[in-house]
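Numbering (our numbering), first residue to last: 3 to 141.
From the three backbone atoms N, C-alpha and C, an ideal C-beta is built for every residue, glycine too.
Computed from a predicted model, the values in this text were never measured in an experiment.
Structure first, then comments.
If you want it as structure tokens, here you go:
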């Protein structure tokens, strides 16, 4: 029935997003490992979140689709729609990232900076996303 459908064409620029994700993750990892004082937990959180967003965008664009928005919840929803079941072990961790900066709703606007002790788990999460997306963009 659906055999006549051809796969979606990749959206141009997906490789740039993938490379940016790698660069953001490398920066966050190096800054954390080097304990550079200029990189507060809040700054590291934002760099890690940018890495994850870039990885998600690369995977989605490579497969010809886009998220509805750029909150972590929207990125997770788009990934689950495009790659059903693939986020199983990282879904909860990704969704938790939205809790630090709820900035889309002006009424409920809140920012809760993470603690430095939370950063290693975020780096692991970003590494898992990097691994998953590397698989998806090379498929």
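Compute the distance between the beta-carbons of residue i and residue j, then report whether it is under 7 Å.
i: residue 159; j: residue 50; result: With the chain covering only 3 through 141, there is no way to say anything about residue 159.
i: residue 66; j: residue 11; result: yes
i: residue 57; j: residue 135; result: yes
i: residue 76; j: residue 86; result: no
i: residue 102; j: residue 93; result: no
i: residue 99; j: residue 74; result: yes
i: residue 116; j: residue 47; result: yes
i: residue 139; j: residue 20; result: yes
For the alpha helix (DSSP H) containing residue i, list its first residue and its last residue.
i: residue 32; result: 16-35
i: residue 12; result: Run containing residue 12: none; DSSP gives neither H nor E here.
i: residue 184; result: Summary: the structure shown does not reach residue 184, with the chain confined to residues 3 through 141, and so no result is reported for it.
i: residue 64; result: 43-64
i: residue 121; result: 121-139
i: residue 74; result: 74-84
In chain order, what residues of the same chain have a beta carbon less than 7 Å from the beta carbon of residue i, not counting five sequence neighbours either side?
i: residue 4; result: Because the pLDDT at residue 4 is just 47, under 50, the model does not fix this residue reliably, and the value given afterwards should be weighed accordingly. So the list is empty, once near-sequence residues are dropped.
i: residue 22; result: 56
i: residue 29; result: 49
i: residue 15; result: 63
i: residue 97; result: 74, 75, 78
i: residue 31; result: 125
i: residue 84; result: 62, 65, 67
Among residues of its own chain, excluding the 5 on either side of residue i, which ones have a beta-carbon nearer than 8 Å to its beta-carbon?
i: residue 91; result: 130
i: residue 79; result: 69, 70
i: residue 72; result: 55
i: residue 89; result: 78, 81, 82, 96, 134
Ignore the nearest five residues each way along the sequence and tell me which others in residue i's own chain have a CB closer than 6 Å to its CB.
i: residue 118; result: 43
i: residue 53; result: 23, 26, 27, 128
i: residue 95; result: 127
i: residue 137; result: none
i: residue 45; result: none
| request: Determine contact between the segment 60-72 and the segment 30-39, defined as no fewer than three beta-carbon pairs at a distance below 8 Å. | output: When C-beta atoms of the segment 60-72 are compared with those of the segment 30-39, fewer than three pairs fall below 8 Å, so the two segments do not count as touching.
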